[in-house]
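One structure is given below, encoded as structure tokens.
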Amino acid sequence: MSIPTLAITLGDVAGIGPEITAKALLGHDDLRARCVPVVVGDADAMRRAVSALGADPAAVRVIGTPAEATNTPGVIELLQAGPSLADVPVGELSAAAGDGAYRFVVEACRLARDGQVDAIVTPPLNKAAMHAGGHKWPGHTELLAHEFGVENFSLVLSAGDLYFFHLTTHVSLRQAIENITPERTRNVLDLAGAFTAALGRPDEAIGLAGLNPHAGENRLFGDEDADILAPAVEEARGRGINAHGPLPADALIPAAVKGKWNMVVACYHDQGHAPFKAVYGDDGVNITVGLPVVRVSVDHGTAFDIAGQGIAREASLVLAIERAAELAPGWDHVWQTAQKTAS
44 MSIPTLAITL GDVAGIGPEI TAKALLGHDD LRARCVPVVV GDADAMRRAV SALGADPAAV
104 RVIGTPAEAT NTPGVIELLQ AGPSLADVPV GELSAAAGDG AYRFVVEACR LARDGQVDAI
164 VTPPLNKAAM HAGGHKWPGH TELLAHEFGV ENFSLVLSAG DLYFFHLTTH VSLRQAIENI
224 TPERTRNVLD LAGAFTAALG RPDEAIGLAG LNPHAGENRL FGDEDADILA PAVEEARGRG
284 INAHGPLPAD ALIPAAVKGK WNMVVACYHD QGHAPFKAVY GDDGVNITVG LPVVRVSVDH
344 GTAFDIAGQG IAREASLVLA IERAAELAPG WDHVWQTAQK TAS
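Take the position in the sequence shown, starting the count at 1, then add 43; the result is the number in the numbering used here.
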């Protein structure tokens, strides 16, 4: 049985992306039994990171297509995407690095659309650098959705068997409230239901966090929970999805951390991200549900303050690679459901 080919974008080369990629691919040979990793990025930046770790830069081998990858331990096989970024300084915000990070993602998406890779794994990019490079995307997730032409998707944070879906992500809190509509809530609950089915757990309970304190407390603290979230949950249950809520977030999320819920839907970025990162740190990854291919990312940033020092930890990237390889074979069901809910 063949193993999936993964496109690993290099991220912002001024940050820790090249370093953690080098550590993951040179220090974790067991990954080779699960997938064929192919880096999409810049060879000079990759060689610089390998050298900084005290390894031989000759370990970086430039290839022309993913099909040329041999999956040899101790070798980083890389597709060059655009001009060299050898002159980008490490640890500084750079428009050139931001442009490069954008190009790496776009090329990985092209490879996925062409059927040359089965999943995409993304080390971190820097949003300000990407904007300085002329690409005004809020983040990876929105750029990926654009490249694949999809509108129904959700950022999902995951650690072990715990998954945090999000109704909204990289928008202001005011905009997030406006974006929480019956249609959006319905679509994300459908995605969560499809995802649990793809994991082989179609009856998994899905807890939707309330938007307002105490899930509105019977309209004392707002009407959105009663008028938008509760009806969407009832509709989802009518479609066979084991959805519950809206539930007070300060009760639901601690219960999920204790193992009482595996599937949680947060209403906005910090409602999900803040507690998740506080508890799981490097033990978490970021999955985009709703794309035609698996995309898994680290759940941390570019860390300019420690870039180039050899101290960045690759644990989240290793987990991202492992999770992408695990999810790729059964991803078609999630994608088909995303298409149905978008129609």
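Cβ coordinates follow ideal geometry from the N, Cα and C atoms, glycine included. From a predicted model like this one, the values you see are computed outputs, not experimental measurements.
| query | What is the residue span of the alpha helix (DSSP H) that Ser359 lies within? | reply | 358-370
| request: For my contact list, Gly58 and Ala346 are in at a C-beta cut-off of 8 angstroms; report their separation, rounded to the angstrom. | output: 6 angstroms
| Expressed to the nearest angstrom, what Euclidean distance is found between the alpha-carbon atoms of Asp326 and Val149? | 27 angstroms
| field | Meets three-Cβ-pair contact criterion under 8 angstroms: the region 358-375 and the region 330-338 | value | yes
| query | Based on Cα-Cα distance, which residue from Gly283, Ile296, Gly54 lies nearest to Tyr206? | reply | Ile296
| field | Backbone secondary structure at Asn329 - three-state DSSP | value | strand
| task | Identify, in the order they occur along the chain, each residue of the same chain with its Cβ nearer than 7 angstroms to the Cβ of Leu198, setting aside the five sequence neighbours on each side. | result | Thr184, His209, Thr212, Asn329, Thr331
| query | Taking C-alpha atoms, which residue in Leu68, Gly54, Glu111, Leu121 lies nearest to Ala86? | reply | Leu121
| Bridge partners of Val339, per DSSP? | Val164, Ile330
| task | Report yes if the C-beta distance between Gly390 and His174 is below 8 angstroms; otherwise report no. | result | Because residue 390 is not part of the residues shown, which for the chain are 44 to 386, the question remains open.
| request: State buried or exposed for Pro274, treating a residue as buried only when at least 16 other CB atoms are found within 10 Å of its CB. | output: exposed
| request: To the nearest angstrom, report how far apart Trp304 and Ala139 are at their CA atoms. | output: 43 angstroms
| Residue range of the alpha helix (DSSP H) that Gln314 falls in? | 312-323
| task | Could you check what DSSP says for Ile46 in three-state terms: helix, strand or coil? | result | coil
| For the region 232-318, which segments carrying the beta strand (DSSP E) assignment without a break, of at least 3 residues, lie completely within its bounds, in sequence order? | 249-252, 286-290, 306-309
| message | Within a Cβ cutoff of 7 angstroms, which residues of the same chain sit near Arg75, ignoring the five residues on either side of it in sequence? | response | Asn114, Pro116
| request: Starting from the C-beta of Val291, find all residues in its chain whose C-beta is less than 7 angstroms away, skip the five residues before and the five after it, and write them out in chain order. | output: For clarity, residue 291 is Pro in the given sequence; the question names Val instead. If we look at Pro291 and ignore the five residues flanking it on each side, its Cβ neighbours are Gly253, His257, Ala258.
| field | Candidates Ile349, Pro167, Val276: closest to Val133 by CA position | value | Ile349
| query | Taking the alpha-carbon positions, what's the Gln379 to Ile223 distance? | reply | 23 angstroms
| Is the beta carbon of Val377 sitting closer than 8 angstroms to the one on Phe196? | no
| said: Our contact map puts Gly60 next to Pro166 with C-beta atoms below 8 angstroms; I'd like the distance itself, whole angstroms only. | reply: 4 angstroms
| request: Look up Pro206 in the DSSP assignment and give the residues it is bridged to. | output: The residue asked about is misnamed: residue 206 is Tyr in this sequence, not Pro. Note: Tyr206 sits in a beta bridge opposite Ser201, Met306.
| Run of the alpha helix (DSSP H) containing Glu150, from where it starts to where it stops | 138-156
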